[in-house]
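Residue numbers (the working numbering): 1 to 474.
See structure below.
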């Protein structure tokens, strides 16, 4: 075993012990930077002890989950953790341990809210790589195509290829969500994906375009486009978990191999087409309208609020709520001049604050660590090490980042900075979201990034930075 693997195995063993061992774990998954535990007893983990782990940059409790922030090495730590738990793969651990909503447990308002956030995060987080890759493809054609450099014609195969991939990443969201949501709720992935595919069938899509009537078992069903939608499949898979669980419970063992999947599908068809899908479509539209209304009423102040508070939302893990809104509204509108501008303001403000901290630190180790956090953010697209290694332990950088993020957000709102590509990337890759639109949008982007970084740097210069606090780790 290599020294690197030994480090990951040692770190994973300490994390497993820190969260109470395998017996205390109901399920564990990971996103791009965090291990996400569903624990039987949330009082067991000792946050301070876990933070001493050299591979851990922070912990958070949110949405009913215990989250251990690792950073860019999260996949390696997760694989080692799975090995420590005796599993062969991440999916084996998840599917053997995740409980469905139908599981009997005492319901309280808090537990219901936590379950909703847990479901949203667990369903949307696995899709981020798809959205990032698709966004970068759309960014490439925006740069090389007629809208910017004009070096490749829209008729060229290369242009068409990246256009196909970029569009597919968003168009087929219902199918992708069928996969991720079904895994989260431990129900049949193939049947969930089949239902997502049915919503996108060319015949149904054409009926929606033509406004033709349609019914399922004689029940009228609204015909509308569900391409790029999120809420319909989240609702469908949620209800499907109860339906499938019923069939598993009452179907004789000799018939389960075909009766459970087919029975679930037959029952879900009218529920999906005549009820949940249209409901989800309407909810998505209402959310989009609400976002537009808020932006119309609050205008630049709305962007400023996002710029000032987004880092705090990341700390609590609640930023996925904003991501949910974004995944719903962006496909409907085709742009965003509210959430993504505010998010990039928060991100670049934090970088400016970090640069100021690196300048102010007298201790060479602190300087080295801080520059490492900045490089990881800029080139790696991961901001958690900078957040949990610098902002949280020293506190004043967190305040400076909120102030400068709000200032930059106000500027972005006044200049009407607009994202034309759905990209939730961090660091330099976040710029990809704003490729497209008029020349003024590029000017607004440059000014916004300058305001964010410079104001963050300047504000932090005038704030106290107590090196004795410590807490930063490699």
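All C-beta atoms, glycine included, are put in the ideal place defined by N, C-alpha and C.
- In the DSSP assignment, residue 62 falls within the unbroken beta strand (DSSP E) covering 58 to 62.
- Here residue 169 is not near residue 141, since their CB atoms are 8 Å or more apart.
- In the DSSP assignment, residue 27 falls outside any alpha helix (DSSP H) and within the unbroken beta strand (DSSP E) covering 25 to 30.
- Residue environment for residue 54: exposed (fewer than 16 other C-beta atoms within 10 angstroms of its C-beta).
- Counted as a single uninterrupted DSSP element, the alpha helix (DSSP H) harbouring residue 162 occupies residues 157 to 171.
- Per the coordinates, the alpha-carbon of residue 357 lies some 50 Å from the alpha-carbon of residue 197.
- Excluding five sequence positions before and after residue 423, the CB atoms of its chain that fall closer than 6 Å to its own CB belong to 135, 432, 433, given in chain order.
- If you draw a 10 Å sphere on the C-beta of residue 146, you find fewer than 16 other C-beta atoms in it, and that means exposed.
- Counting only the Cα atoms, residue 123 lies some 21 Å from residue 109.
- Residue environment: residue 224 is assigned as buried (16 or more neighbouring CB atoms within 10 Å of its CB, all protein chains considered).
- In the same chain as residue 44, and ignoring 5 residues on each side of it, the C-beta atoms closer than 6 Å to its own belong to 20, 24, in chain order.
- When DSSP states are grouped into helix, strand and coil, residue 215 belongs to the strand group.
- By alpha-carbon distance to residue 4, the top candidate from 15, 65, 77 is 77.
- No Cβ-Cβ contact shorter than 8 Å links residue 430 with residue 418.
- Beta-bridge annotation (DSSP): residue 68 is paired with 35, 59.
- Distance check between residue 56 and each of 220, 22, 395, 36 places 36 closest, using alpha-carbon atoms only.
- Inter-residue distance for residue 463 and residue 353 is about 10 Å (C-alpha atoms, whole angstroms).
- Taking a contact to require three or more Cβ pairs closer than 8 Å, the stretch 328 to 348 and the stretch 293 to 306 qualify as touching.
- For residue 427, same chain residues with a beta-carbon under 6 Å away, outside a window of 5 residues either side, are 377, 378, 381 in chain order.
- Sorting 263, 404, 420 by C-alpha distance to the C-alpha of residue 329 places 420 at the top.
- When secondary structure is reduced to three states using DSSP, residue 41 falls in the coil class, being assigned neither helix nor strand.
- If only uninterrupted alpha helix (DSSP H) runs of at least 4 residues are considered, those enclosed by the stretch 308 to 350 are 319 to 333.
- A straight line joining the alpha-carbon of residue 313 with that of residue 346 spans about 11 Å.
- A direct Cα-to-Cα measurement between residue 69 and residue 209 gives close to 45 Å.
- For residue 30, the number of other beta carbons within 10 angstroms of its own is at least 16, and it is reported as buried.
- Beta-carbon to beta-carbon, residue 315 and residue 60 are separated by about 6 Å, close enough to satisfy the 8 Å threshold.
- C-alpha of residue 33 to C-alpha of residue 9: approximately 17 Å in a straight line.
- The beta carbon of residue 370 sits closer than 7 Å to those of 354, 357, 358, 361, 390, all from its chain and outside the five residues before and after it, given in chain order.
- In the three-state reduction of the DSSP assignment, residue 227 falls in the coil class.
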